[in-house]
Structure formats: structure tokens, C-alpha cells
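Keeping their order, the protein sequence lines are chains W and B.
Under this note's numbering, the first residue of the first sequence carries the number 646, and numbering increases by one thereafter.
Under this note's numbering, the first residue of the second sequence carries the number 346, and numbering increases by one thereafter.
For each residue, glycine too, the CB sits at the ideal point set by N, CA and C.
These notes concern the structure reproduced below.
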Amino acid sequence: MFRKVLIANRGEIAVRVMRTLREMGIASVAVYSDADRASLHVRMADEAEHVGPSPSGESYLRADRILDAAKKHGAEAIHPGYGFLSENADFAAACESAGLVFIGPPAAAIRAMGSKTAARRTAVAAGAPVVPGTGHGVTLEQARDFARLHGYPILLKAVAGGGGKGMRRVDRDCELEGALRDASSEAERSFRNSEVYVEKLIARPRHIEIQLFGDRHGNVVHLGERECSIQRRHQKVMEECPSPLVARHPEMRQAMGEAAVRAARAAGYYNAGTVEFLVDQDRKFYFLEMNTRLQVEHPVTELVTGLDLVRVQIEVAAGGRLPFTQEQVAWSGAAIECRIYAEDPYNNFLPFPGKLTRLNRPLGPGIRLDGCVYPGWTVPMEYDPLLAKLAVWAGTREQATERMIRALREYDVGGIRTNLGFFRQILEDAEFRAANLHTGFIDEFFQRRSAPQPPEEFTAVAALAAALHTRSAAPRNAAEAASEGPHPWLEAGRSGLLR
Amino acid sequence: MKLDLTINGAAGEIELLAPAPDCRFRLDGGAERAAQVETPEPGVYSVLLDGRSYDARVEEVPEGLVVVIDGFRFQIEARDPRRFVRKSAGRGGEGIQTVTAPMPGKIVRVLVAPGDAVAAGQGLLVVEAMKMQNEMKAARAGKVLSVNAKEGATVKAGEVLATIE
Chain W
646 MFRKVLIANR
656 GEIAVRVMRT
666 LREMGIASVA
676 VYSDADRASL
686 HVRMADEAEH
696 VGPSPSGESY
706 LRADRILDAA
716 KKHGAEAIHP
726 GYGFLSENAD
736 FAAACESAGL
746 VFIGPPAAAI
756 RAMGSKTAAR
766 RTAVAAGAPV
776 VPGTGHGVTL
786 EQARDFARLH
796 GYPILLKAVA
806 GGGGKGMRRV
816 DRDCELEGAL
826 RDASSEAERS
836 FRNSEVYVEK
846 LIARPRHIEI
856 QLFGDRHGNV
866 VHLGERECSI
876 QRRHQKVMEE
886 CPSPLVARHP
896 EMRQAMGEAA
906 VRAARAAGYY
916 NAGTVEFLVD
926 QDRKFYFLEM
936 NTRLQVEHPV
946 TELVTGLDLV
956 RVQIEVAAGG
966 RLPFTQEQVA
976 WSGAAIECRI
986 YAEDPYNNFL
996 PFPGKLTRLN
1006 RPLGPGIRLD
1016 GCVYPGWTVP
1026 MEYDPLLAKL
1036 AVWAGTREQA
1046 TERMIRALRE
1056 YDVGGIRTNL
1066 GFFRQILEDA
1076 EFRAANLHTG
1086 FIDEFFQRRS
1096 APQPPEEFTA
1106 VAALAAALHT
1116 RSAAPRNAAE
1126 AASEGPHPWL
1136 EAGRSGLLR
Chain B
346 MKLDLTINGA
356 AGEIELLAPA
366 PDCRFRLDGG
376 AERAAQVETP
386 EPGVYSVLLD
396 GRSYDARVEE
406 VPEGLVVVID
416 GFRFQIEARD
426 PRRFVRKSAG
436 RGGEGIQTVT
446 APMPGKIVRV
456 LVAPGDAVAA
466 GQGLLVVEAM
476 KMQNEMKAAR
486 AGKVLSVNAK
496 EGATVKAGEV
506 LATIE
């Protein structure tokens, strides 16, 4: 087993990996940029190395500096976390040639699954169902032919894309030319590759994904599914295991699991990976893409299977066999995760960096919190504003929902805005309770939601607290207050829970 | 002590008759009420009122106070009516309109120049933070007086980016 591992990441995932390393008696090496000197992952690590200025392109994405840090500290392996270099085949290969173990899949498997079109070819070859599409970059004429054959609506997607960039929905022929031009130029700007392919649009799809695990001895096992249909800006914000749809139709887990395992085998895959599927209204599923890394939302699978996926990643990377067979994997109860962001859900999910003045974390039965924040910490503007992942486990989905609401009530973050209250509203929503989920859920939720009204006495208590606070505070110096400049709360008053 | 209050835009008044911990107060000239109040940590008020328990968290912001109770937010301005209070600069009212950065970030694009006439809602600048681009818009129509931001420059929250007459 390794004695020392470098984590080529920051934030909550770096902290999460370090926790398992510590449990395994393995020393951890953190890397950090200028903005992250006081971040929790640096404070928690056994060793730490500065790798550059705040922009990630000059620090966390600098493979050379990270490899130098690993050599300097005598690390034997590198855990990439998610994002940054985690799905970079060249980095995985560079680790191996530097004599370091990359805790993840082999570079060849990342290449086979890295671009959406390559992944699609691998999936088709392995017999996994895919959404009807061209699978390669198209000209306007080819796009038009496709639409004629399969009918509108269609979806244009960047070949090298991700995160919704370079994606356009087209409902009729007259929109096609302009949409193709827009998608292509956006793809060029975002990925330096203007190629765009075409897919049939699946109406109101669910996003359900299968967690996979493989070892270097040819074993590939699936750990069931996660439902990730609650998304904003094409990014998941709330995930569950099991999927309530699969819970009602258990045969889906086996069918999707087997399709995912076949695709992974075809790519020569090992370590942790996830195959994402779209599921249509008739419960037919289609291969979407593969994520060749640990997912943000892995805790819900851990809660329901009782496994530590990071531990298994490290064991497999060290050459070990998977510690379970497919038959030994068991699922129990229900887990839900909310991604707690410094953002304003009622103002287009605008990020909200700033200093945390107060923090009270939820505690008690069935709560798991993976975070990187502490009171007094300033949320940096340079990175994704994910503060923490709050996950709960309970015997049933209903109980897990109630438990999450309870946990969110206990969770108090002062000084910045967060999406804590927004999640409470979603969890109270009748459509969510009925598990009528699809990737457009949040957009529709905004149209039907009614702002919850506070109990009457709250206003009296708020007035009293404000009066006592005004009285106790030293007469506030108006000039001093003004010099701090307008605060982001300016925007907040118009868009709070009480709007 | 009497205070004029604005709570989420609505005017009110509170009279504090006895301080914490055994508070007595009167709201909007109504009946006298009693509440037991402790401050377990700065800015946190544990209030027992009519047998019920509330945790009110108070934050100071330039416009006054924000009080959060069980996830509900109250934007409150408390003023001593005996003191002269300068009116805060209006954001949608008359006079000069200042456009400030809502958060620290980088100026990606400047869309107007001094002297330009702008319509209400027209984009003035694009600020990027946390990989999100945010267009700063004019609150109302007017003429651009100054543009203080340059493309590529880093700005702090609250920094004045432009002024409009």
C-alpha cells in the first residue's frame, strides 16, 4: 500500500479524500494556489505545497508543478479528485511515466471515454443503447438530413463539450442554420473545437447514472444508480440513491448496470467511473456519456451501499482486487444529497463569494456533511462556489426527505447567500414528493412555486431582535459603514424568501 | 427607547420598555408584551415569547440589518426618530445612478462609453466571477456620465463601475 498520496485538487473533495487517507494510515500532501493558503484542505493535510497563483490555469491545472510537488514530497500516488486534471488522459499518462500511480482509470480508457463522440462509439460497439444521433461533427446539410429522418426537436452539441456549452435546442427547420452557427462558435470559444453533432431531443428526460468499479484483474462491478434529474444550468444540484423510478421498477437497475459494465469493459476500464443515461417517459434508457473519475455525488452511493469509494479507489490503484463481487453489493434505505453553494437561487443562481460570518452545521442521526468551510473563511471568487455537500440517509425516501428538511433547518450560514432555503422549498414540493422528476424540474418549479410565508410571530421577534441589536451595538459610524461600499445584500432584499 | 422600523418595506415602530434578558416592548403602539432574551453568541438572539422558542440571527449590512429566523429573512432598517437621518441614495429614484460591482470579479466587456444614451435595462458592462458572466444593466434610462472600469480589470464588490445621469 502507498505511504503517501498527493491530492491534486482543492475544496471539499480534497478534504474528503484526506479523511480516507488518514483512516488508512496514509500521509496526505495538499497542493494550493495563492487564494487557498488558508483553505481547509491545506490545514488538514500532513504536508502542503504551493503550486501557483489563484487562477486554476496557473496552479491546479499545471500538471508539471503538481508532478514536481509529488516528487519533492515523495508521494507515490496522485488522487485527482473531480474536475481540474481528473479526466485529462495526458496527465494520467504523465503520472505513470514519472513513476507515480494515477488513482483513476488508465490513460487509454480516459481517451476512449473522454470525448462524447468517442464514448458514444465505444458504447455502441458494446451494445449499449444510445440516443439517435450523428456521433460526429456535421455540416448544415447533414444536420438537416438528420432532422428530416428523426424529426424535430433536435439538440446540437459540441463534440468536445460539457457543462451545457455549445448546446442548442432546435424546434424547427428555420432555426437550424442560426443555431448551428451559434453552437459552433460557442464550441470554438469554449473548447477550441468548433465541431457540433446532432442528437434527437428526448422530452422531459430523467438523468440516471450507474456507478461502476473495476480492478486491474478484469473485474468490473456496478454499484447501482443515482438519480440526478434536479439540475440548474445543466449542472446537478441534488442527487438520490436509489432513483425513485428504479425503486418502482427494480429490473431497470440490472439492465442499466449491465449495459454500463459492458461499455466499461469495452474501454478497458478500471477504478471508479460513472455511466450517465437519459431515461425517457417510457423508461427506455440511452447512454449519454461516461465520467472517468469519482463523481461529486458519490456519497449517496456510499450511504446506501455502506462502501467507502475512495478507499476502494486507492486499493484498486495499488493493484488490489475489488473487495466485493457483483452478488455481494447490497443496497439499503435511501440517501439524498444537496450541493450547498454560495449563490443566490432567486437571482439566476448568481455566485455569491464573501466572508462567512457565522456557521452552524446540522448534526444528529443520519447526517453526513462533506465540506471545506469554517467561520471566518472567505469564499474565493476564483473557483466553483461549492461550500459543502449535505447528505442524509434514512430507511425510506419519505423519511430521507423529512430528515433533509430537518438538517437544512439546522444549517445556518451567515455573511453570504446560499441555496439552503431553496432546497427546503424543493423538498416540500408535491411534484418532488411524488418523484415526478426530469431535468427541467427546477425551471418548472420556479413557475409553480409560491413563496412560503413566515408564521405571524416571526415579524414581532425579528423587530425585537433588530431593536435589541441596534441598542446594544455601539452607535454605528455611518462613514465607516459607507466606506465598506455597497454589499451584495443590496441585490438580496429584492429577491429573498419573502418576495 | 423608541425606534422607527422598516421591515421588508413596511413601516412600523417598536418601543423598548425594558432591556434583555427580561424584555418588555410595544409594537406599533399595541399592547405591552414580555419576552425573555439571551444572546448565546454575538448576533444570535434566543427569544422566548409566549412560551415559544425562536432563534433570531442578526447580520449588519450597509442598508441596516438582516434578521433570519428559521430560514425566513427580514430586511430591517431601524432609526431613532429623534436623530437626523440622512436618506440613503436611491437606486431606482432620481438623480445620479451609480452602477457598482455586485461581487468581486473581472470586467469582461464594457458595452457603453461616456455620453451614450442608455435605455432602462440596457447592458452596461459584463462582470465575470466564479466562471459566471453577469451583465450589469441600467436601472433606468439616462446618459452615461462616466465609465470607471476597463476590460480585463479586477474589481472589488461595491466598486463603482459607471455612473448614469
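| DSSP beta-bridge partners of T443(B) | For the purposes of this step, residue 443(B) is taken as residue 98 along the second sequence, with counting starting at 1. Looking at the DSSP assignment, T443(B) forms a beta bridge with T508(B).
| Who are the neighbours of A474(B) on chain W, taking C-beta pairs under 7 Å? | Position 129 of the second sequence, counting from 1, holds the residue named residue 474(B). Correct list: P996, P998 and M1026.
| field | Residues in the segment 1083-1105 of chain W having any Cβ partner in chain B nearer than 9 Å | value | P1097, Q1098, P1099, P1100, E1102, F1103, T1104 and A1105
| task | Could you give the DSSP three-state label for Q926(W): helix, strand or coil? | result | Within the first sequence, the letter at position 281 stands for residue 926(W). DSSP places Q926(W) in coil when its eight states are reduced to three.
| request: Helix, strand or coil for P990(W), going by three-state DSSP, please let me know. | output: Position 345 of the first sequence, counted from the first residue, corresponds to residue 990(W). Helix.
| query | How about T445(B) and A502(B): do their beta carbons lie closer than 9 Å? | reply | In the second sequence, residue 445(B) corresponds to position 100, counting from 1. In the second sequence, residue 502(B) corresponds to position 157, counting from 1. Yes. Within cutoff.
| The beta strand (DSSP E) enclosing R907(W), as first and last residue numbers | Mapped onto the first sequence, residue 907(W) falls at position 262. Per DSSP, R907(W) belongs to no beta strand (DSSP E); it is in the alpha helix (DSSP H), E896 to A911.
| query | Do you know whose CA, among V804(W), I799(W) and G811(W), lies nearest D818(W)'s CA? | reply | Mapped onto the first sequence, residue 818(W) falls at position 173. Of the candidates V804(W), I799(W) and G811(W), the one whose C-alpha sits nearest the C-alpha of D818(W) is I799(W).
| Quick one: does G1059(W) have its CB under 9 Å from some CB of chain B? | Here the question's residue 1059(W) lines up with position 414 in the first sequence. Yes, G1059(W) lies at the interface with chain B (some Cβ there is under 9 Å from its Cβ).
| task | Compare the C-beta of T970(W) against all C-beta atoms of chain B and say whether one is closer than 9 Å. | result | In the first sequence, the residue the question calls residue 970(W) occupies position 325. T970(W) does not count as touching chain B.
| Contact check, V457(B) vs V463(B), beta carbons under 9 Å | Taking the second sequence and counting its residues from 1, the one referred to as residue 457(B) is at position 112. Taking the second sequence and counting its residues from 1, the one referred to as residue 463(B) is at position 118. Cβ atoms of V457(B) and V463(B): closer than 9 Å.
| request: Tell me whether R369(B) sits in a helix, a strand or coil according to DSSP, three-state version. | output: The sequence position of residue 369(B) within the second sequence is 24, counting from 1. In the structure shown, R369(B) sits in a strand (DSSP, three-state: E or B).
| task | Taking a Cβ distance cut-off of 8 Å, strictly less, list which residues of the segment 387-404 of chain B are near chain W, in chain order. | result | G388, V389, Y390, V392, L394, D395, R397, Y399, A401, R402, V403 and E404
| query | Is DSSP giving F932(W) helix, strand or coil here? | reply | Taking the first sequence and counting its residues from 1, the one referred to as residue 932(W) is at position 287. Reduced to three states, the DSSP call for F932(W) is strand.
| message | Suppose you measure from the CA of I652(W) to the CA of R878(W); what does that come to, to the nearest Å? | response | On the first sequence, position 7 is the one that residue 652(W) refers to. On the first sequence, position 233 is the one that residue 878(W) refers to. Roughly 28 Å between the two C-alpha positions.
| said: Pairs of beta-carbons, one from the segment 368-386 of chain B and one from the segment 1018-1031 of chain W, closer than 8 Å: are there three or more? | reply: no
| So, helix, strand or coil for Q467(B), using DSSP? | The residue you call residue 467(B) lines up with position 122 of the second sequence. Three-state result, Q467(B): coil.
| said: Against chain W, with Cβ distances strictly below 9 Å, would D415(B) count as a contact? | reply: By one-based count along the second sequence, residue 415(B) stands at place 70. Closer than 9 Å to some Cβ of chain W, the Cβ of D415(B) qualifies, so yes.
| From what residue to what residue does the beta strand (DSSP E) around G1059(W) run? | Position 414 of the first sequence holds residue 1059(W). Where G1059(W) is concerned, the enclosing beta strand (DSSP E) stretches over D1057 to G1059.
| Comparing the C-beta of L506(B) with each C-beta of chain W, is any distance below 9 Å? | Position 161 of the second sequence holds residue 506(B). Chain W contact via Cβ: absent.
| Would E988(W) be called buried (16 or more neighbouring beta carbons within 10 Å of its own) or exposed? | The residue given as residue 988(W) occupies position 343 in the first sequence. The residue in question, E988(W), is buried, as its Cβ has 16 or more Cβ neighbours within 10 Å.
| task | Figure out for me which residue from V411(B), D415(B) and I359(B) has the closest Cα to the Cα of Y1056(W). | result | Indexing the first sequence from 1 puts residue 1056(W) at position 411. The shortest C-alpha separation from Y1056(W) is found at D415(B).
| Cutoff 8 Å; reference D1088(W); Cβ partners in own chain excluding five residues on either side | What you label residue 1088(W) is simply residue 443 of the first sequence in a count that begins at 1. Contacts found: none.
| Exposed unless 16 or more other CB atoms sit within 10 angstroms - verdict on A379(B) | Position 34 of the second sequence, counted from the start, is the residue given in the question as residue 379(B). With fewer than 16 Cβ atoms within 10 Å of its Cβ, A379(B) is classed as exposed.
| task | Run the CB neighbour count on G435(B), radius 10 Å, all protein chains shown included, and call it buried at 16 or more, exposed below. | result | Taking the first residue of the second sequence as 1, we reach residue 435(B) at position 90. Note that G435(B) scores 40 on pLDDT, short of 50, meaning its location in the model is unreliable; the coordinates nonetheless yield the value given after this. G435(B) is exposed by the Cβ-count criterion.
| request: Consult DSSP for I853(W) and reduce its assignment to one of helix, strand or coil. | output: As a first step, residue 853(W) is located in the first sequence; it is residue number 208 there, counting from the start. Strand at I853(W).
| query | Roughly how many angstroms separate the alpha carbons of L490(B) and L506(B), rounded to a whole number? | reply | Against the second sequence, residue 490(B) aligns to sequence position 145. Against the second sequence, residue 506(B) aligns to sequence position 161. Taking the straight line from one Cα to the other gives about 11 Å.
| field | Partner residues on chain W for L348(B), Cβ-Cβ distance less than 7 Å | value | Translated into positions along the second sequence, residue 348(B) becomes position 3. Simply A1112 and T1115.
| query | In chain B, which residues lie less than 7 Å from P1020(W) when you measure between Cβ atoms? | reply | As a working note, residue 1020(W) is residue 375 in the first sequence. Under the 7 Å cutoff, chain B gives no residues; its nearest Cβ is about 10 Å from P1020(W).
| For N479(B): DSSP bridge partner residues | Working through the second sequence from its first residue, we reach residue 479(B) at position 134. Paired residue(s): V472(B).
| said: Strictly under 9 Å for the Cβ-Cβ distance: is R707(W) near chain B by that measure? | reply: Against the first sequence, residue 707(W) aligns to sequence position 62. For R707(W), the answer is no, since every Cβ of chain B falls outside 9 Å of its Cβ.
| field | the segment 715-731 of chain W touching the segment 1039-1053 of chain W, judged by at least three CB pairs closer than 8 Å | value | no
| query | Can you tell me whether F1147(W) is buried or exposed, with buried defined as 16 or more other CB within 10 angstroms of its CB? | reply | The question about residue 1147(W) has no answer, for chain W in this structure spans 646 to 1144.
| message | Comparing C-alpha positions only, which one of G497(B), A356(B) and E383(B) sits nearest to P426(B)? | response | In the second sequence, the residue the question calls residue 426(B) occupies position 81. Of the listed residues, the one whose Cα sits closest to P426(B) is A356(B).
| field | Cβ pair A909(W), G951(W) closer than 9 Å | value | Locating residue 909(W) in the first sequence gives position 264, where the first residue counts as 1. Locating residue 951(W) in the first sequence gives position 306, where the first residue counts as 1. Not closer than 9 Å, so no.
| Under 7 Å Cβ-Cβ, which residues of chain B neighbour M1066(W)? | Looking up residue 1066(W) in the first sequence gives position 421. Looking at the sequence shown, residue 1066(W) is not Met but Gly. Correct list: G416.
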